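A.B. asks: Protein chains in written order, with our numbering: chain W, 1 to 330; chain P, 331 to 660.
For every residue, glycine included, the Cβ atom is placed at its ideal position computed from N, Cα and C.
Quick caveat: nothing in here was measured; it's all calculated off a predicted structure.
There are 2 protein chains.
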Amino acid sequence: MPPYFLDPNFQPTEHSAKLAFSGNHLDRQSEAREDDCVDRAMEHSDAQFIGIARGRVVLRFNGEDAIGFHPHDHLSDHQPRWERAILLGYENGAPRLAVPLGLNPDDENLVLPDDVKLVDFRSLAIQKLLSHSELGQMAQGAATLAWHSSARYCGRCGGQTEMKGGGVKRHCQSCKADQFPRTDPVVIMLTVRGDKCLLGRSPHFPPGMYSALAGFVEAGETMETAVRRETHEESGIHIGRVRYHATQPWPFPHTLMIGCYGEALSDEIVRDEGELDDCRWFTRDEILAILDGNGPLTEDDVPQFFTPPNIAIASRLVTDWARNGEGQFD
Amino acid sequence: MPPYFLDPNFQPTEHSAKLAFSGNHLDRQSEAREDDCVDRAMEHSDAQFIGIARGRVVLRFNGEDAIGFHPHDHLSDHQPRWERAILLGYENGAPRLAVPLGLNPDDENLVLPDDVKLVDFRSLAIQKLLSHSELGQMAQGAATLAWHSSARYCGRCGGQTEMKGGGVKRHCQSCKADQFPRTDPVVIMLTVRGDKCLLGRSPHFPPGMYSALAGFVEAGETMETAVRRETHEESGIHIGRVRYHATQPWPFPHTLMIGCYGEALSDEIVRDEGELDDCRWFTRDEILAILDGNGPLTEDDVPQFFTPPNIAIASRLVTDWARNGEGQFD
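This is the structure:
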């Protein structure tokens, strides 16, 4: 019998469950895997594969419907590296796997069948081309494959490593050490002060986009101390209380976004000019107008400000604060 | 001026702040570091070093007082690997560093001065031999040094890597890729059902010790889904709501413990016999008796049950539930 949380009637209520990439309902069986589990899964008549090439996923279109998981033979034209395939888990007993593809999506000479497209992870999520659960499986596969390609040699001795357990670890052929997939915790926090919140823009953002501040949790930090340090480094703002809101697996490349609200204890922004192009307070009314598409326009008649797409946890933090009263400390 | 959170008057109120290893108040300046920052710090007349050898820290005793940070020359008899020293940060402008030692604490022929001892991280914390902030600095140093020793070769190409920025990253001399310190998120959850909570014991525990269940967050999981999967795998119990309680940096070797309460939706335990020797429900009265030292005794007149030492977040989860009403879902 599959775990209870695979039952479609089990509907988690936390904020995390609404976020893109969070809905993976596969039965991973990570603890019960044999080293030949991929070989056996490949022989399973109902095995389904997701094919990933440099951040893009192979989709086959059947009219409007996009199909992300394919039978073995459907990927054979796309330079599959079967020897690097990983087992994601099982859905109703049928194995699901991810396989890296050798093809280069940016190759001008690449010819694909008319019904096949290579789509990047963000577009997949924004356009809701896969189901909530399949997007989560894609995130699992992308993050795990990215880690495997970064761990082909042993960091301790430089020896070659080999995959074990269908991808749950790698084993050094030389010093025999095992290593396990890496997940990098990042805090992302909406700083709130009464009726206003703090947003900043990185030089990498499209013009007009503002988001919550964020940064990696460093060694020897708690969630709360990481929130205070990062907020202070980037904006100069002091944070008192910190409240957990939601987590999101973010496959760029293998991150766990930890979304929080921070209670600002100060007003004056001292921007880190190396990290941020701008950093400013927005009132709730300004945010509501921006979210509703009624914010101020530039001279070119495009929105002066916008927040990240709703697949990003930053969007959820902003929306849940502005519309639903989350993150109020007083 | 140092950041506000280094001011002794700044007293964070979250549960995380009370946990061992969480009080690091150094000004890390991670973003502003030059590659020669360790060399310059070593020349600073007030530089202080913590020396770490295979999980043990050099302490010098001045009567009852234990000193964990030492001037440069005080470590020269302990086989310091100065070329691997990392910068932790600054305290009142004076640099603090961590240096790995070549000596083997388990060497029977090791001779140390009378006032010097090598103490493991757990004992340091349990016996409160260092201040709250210094314990946190030790955790930062231990976790970061452990990562450096596991990342001496590039996982992508097998080339040799070198430390940069005083330890904030490593750079591959061959393929030029950078890599950053690793922090592994782990969920640890006290599962609660009305007036009882669920504890298990691993085969590695001392006899009689029971603790909250725990496990690594896997790729493509949220905090909540990791809590549900791990709890189900180990105990068969179904979890509904999940509530964040606290995080703790745990330097074994470089983990972020994410402590939660889980709302049990079922009673019947199906123990993972490979992972746990025992798993059982304890009533609040039983837990209170155990915490007060009034729990049942074995035939040998020793406590039949005990929970982890209070430095562990598991202890905090149990105590805060039993004594302070945290983690009640109804």
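Out of curiosity, what's the CA-to-CA distance linking Arg96 (chain W) and Asp607 (chain P)?
C.D. replies: Rounded to whole angstroms, Arg96 (chain W) to Asp607 (chain P) spans 32 Å at the Cα level.
A.B. asks: Using a Cβ-Cβ cutoff of less than 8 Å, which residues in the same chain neighbour Trp412 (chain P) once the five nearest sequence positions on both sides are dropped?
C.D. replies: So the qualifying residues of the chain are Met372 and Val429.
A.B. asks: Please state if the CB of His404 (chain P) and the CB of Arg512 (chain P) are separated by a distance shorter than 9 Å.
C.D. replies: For Arg512 (chain P) and His404 (chain P), no; Cβs fall outside 9 Å.
A.B. asks: Cβ of Gln179 (chain W) less than 9 Å from any chain P Cβ?
C.D. replies: True, the Cβ-Cβ gap to chain P drops below 9 Å.
A.B. asks: Going by the DSSP bridge assignment, what does Glu263 (chain W) pair with across the sheet?
C.D. replies: DSSP lists W:Val192 as partners of Glu263 (chain W).
A.B. asks: With DSSP collapsed to three states, give me the class of Cys154 (chain W).
C.D. replies: Cys154 (chain W): coil per DSSP, three-state reduction.
A.B. asks: Go through the region 261 to 308 of chain W residue by residue and report every complete run of the beta strand (DSSP E) that reaches 3 residues or more, in order.
C.D. replies: Here the runs fully enclosed are 278 to 283.
A.B. asks: In chain order, which continuous runs of the alpha helix (DSSP H) of length 4 or greater are located wholly inside the region 163 to 239 of chain W?
C.D. replies: Listed in chain order, they are 223 to 235.
A.B. asks: Just list the residues that DSSP pairs Phe379 (chain P) with in beta bridges.
C.D. replies: DSSP, once it has assigned bridges, lists P:His400 and P:Leu427 as partnering Phe379 (chain P).
A.B. asks: Quick check on DSSP: helix, strand or coil for Val648 (chain P)?
C.D. replies: Looking at Val648 (chain P) - three-state DSSP - the assignment turns out to be helix.
A.B. asks: Compare the C-beta of Glu31 (chain W) against all C-beta atoms of chain P and say whether one is closer than 9 Å.
C.D. replies: Output row for Glu31 (chain W): interface = yes.
A.B. asks: If we ignore side chains and look at the alpha-carbon of each, how far apart do Gly625 (chain P) and Phe612 (chain P) end up?
C.D. replies: Going by the C-alpha atoms only, they are around 11 Å apart.
A.B. asks: I'd like to know if Gln173 (chain W) contacts chain P, where contact means its C-beta is closer than 9 Å to some C-beta of that chain.
C.D. replies: With 9 Å as the cut-off, Gln173 (chain W) does not count as an interface residue toward chain P.
A.B. asks: What is the DSSP secondary structure of Ile258 (chain W), reduced to helix, strand or coil?
C.D. replies: Ile258 (chain W) falls in the strand class under three-state DSSP.
A.B. asks: Would you say Ala140 (chain W) reaches chain P, if we count a Cβ-Cβ gap shorter than 9 Å as a contact?
C.D. replies: Note that residue 140 (chain W) is Gln in the sequence shown here, rather than Ala. Chain P contact via Cβ: present.
A.B. asks: Quick check on the burial criterion: 16 or more other C-beta atoms within 10 angstroms. Buried or exposed for Gly419 (chain P)?
C.D. replies: With 16 or more Cβ atoms within 10 Å of its Cβ, Gly419 (chain P) is classed as buried.
A.B. asks: Glu560 (chain P) and Ala544 (chain P) look like a contact to me (Cβ under 8 Å); what is the Cβ gap, rounded to whole Å?
C.D. replies: Confirmed, about 7 Å.
A.B. asks: Compile a chain-ordered list of the residues in the region 209 to 235 of chain W whose CB is closer than 8 Å to at least one CB of chain P.
C.D. replies: Taking 8 Å as the Cβ-Cβ cut-off against chain P, the residues of the region 209 to 235 of chain W that qualify are Phe216, Val217, Glu218, Ala219, Gly220, Glu221, Thr222, Met223, Glu224, Thr225, Arg228, Arg229, His232 and Glu233.
A.B. asks: Nearest-angstrom Cα distance between Asp115 (chain W) and Cys367 (chain P)?
C.D. replies: Each residue's Cα considered, the two are about 56 Å apart.
A.B. asks: Report all residues from its chain with a CB closer than 6 Å to the CB of His568 (chain P); omit the five preceding and five following residues, and keep chain order.
C.D. replies: Once the five neighbours on either side are set aside, the close Cβ partners of His568 (chain P) are Leu595 and Ser596.
A.B. asks: So, are the CB atoms of Ile620 (chain P) and Arg610 (chain P) less than 9 Å apart?
C.D. replies: Taking 9 Å as the Cβ cut-off, Ile620 (chain P) and Arg610 (chain P) do not qualify as a contacting pair.
A.B. asks: Run down chain P in chain order and give the residues with a C-beta less than 7 Å from the C-beta of Thr247 (chain W).
C.D. replies: Neighbours of Thr247 (chain W) on chain P, chain order: Thr552 and Met553.
A.B. asks: Pick helix, strand or coil for Phe335 (chain P), following the three-state DSSP scheme.
C.D. replies: Phe335 (chain P) falls in the helix class under three-state DSSP.
A.B. asks: Determine whether the Cβ of Ser479 (chain P) lies closer than 9 Å to any Cβ atom of chain C.
C.D. replies: This model lacks chain C altogether, as its protein chains are W and P.
A.B. asks: Taking Gly306 (chain P) as the reference, which of W:Ser150, W:Gly220, W:Val168 and W:Ile67 has the closest Cα?
C.D. replies: Past the edges of chain P, shown from 331 to 660, lies residue 306 (chain P), and the structure says nothing about it.
A.B. asks: Report the rounded CA-to-CA distance for Met138 (chain W) versus Ala469 (chain P), giving the unit in angstroms.
C.D. replies: Going by the C-alpha atoms only, they are around 35 Å apart.
A.B. asks: Distance, Cα to Cα, Arg271 (chain W) vs Gly166 (chain W)?
C.D. replies: When rounded, the distance between both Cα atoms is 46 Å.
A.B. asks: State buried or exposed for Gly93 (chain W), treating a residue as buried only when at least 16 other CB atoms are found within 10 Å of its CB.
C.D. replies: When all chains shown are included, Gly93 (chain W) counts as exposed.
A.B. asks: Which value, in whole angstroms, describes the spacing of the CA atoms of Thr222 (chain W) and Pro71 (chain W)?
C.D. replies: Taking the straight line joining both Cα atoms gives about 44 Å.
A.B. asks: For a contact defined as C-beta to C-beta under 7 Å, what are the partners of Cys484 (chain P) on chain W?
C.D. replies: Going along chain W in sequence order, the residues near Cys484 (chain P) (Cβ under 7 Å) are Tyr153.
A.B. asks: In angstroms with no decimal places, state the Cα-to-Cα distance between Arg531 (chain P) and Leu520 (chain P).
C.D. replies: Cα to Cα, Arg531 (chain P) sits roughly 13 Å from Leu520 (chain P).
A.B. asks: Assuming Phe391 (chain P) is part of the alpha helix (DSSP H), what are its boundary residues?
C.D. replies: Taken as a continuous stretch (DSSP letters only), Phe391 (chain P) belongs to no alpha helix (DSSP H), being part of the beta strand (DSSP E) at Arg386 to Asn392.
A.B. asks: Excluding the 5 residues preceding and the 5 following Leu297 (chain W) in the sequence, name in chain order all residues of the same chain whose CB lies nearer than 8 Å to its CB.
C.D. replies: If we look at Leu297 (chain W) and ignore the five residues flanking it on each side, its Cβ neighbours are Pro303 and Gln304.
A.B. asks: Roughly how many angstroms separate the alpha carbons of Trp580 (chain P) and Pro533 (chain P), rounded to a whole number?
C.D. replies: Trp580 (chain P) and Pro533 (chain P): Cα-Cα distance of roughly 21 Å.
A.B. asks: Going by Cα to Cα distance, which pick from W:Gln48, W:Gly259 and W:Met163 is closest to Tyr244 (chain W)?
C.D. replies: Comparing Cα-Cα distances from Tyr244 (chain W) to each of W:Gln48, W:Gly259 and W:Met163, the minimum goes to W:Gly259.
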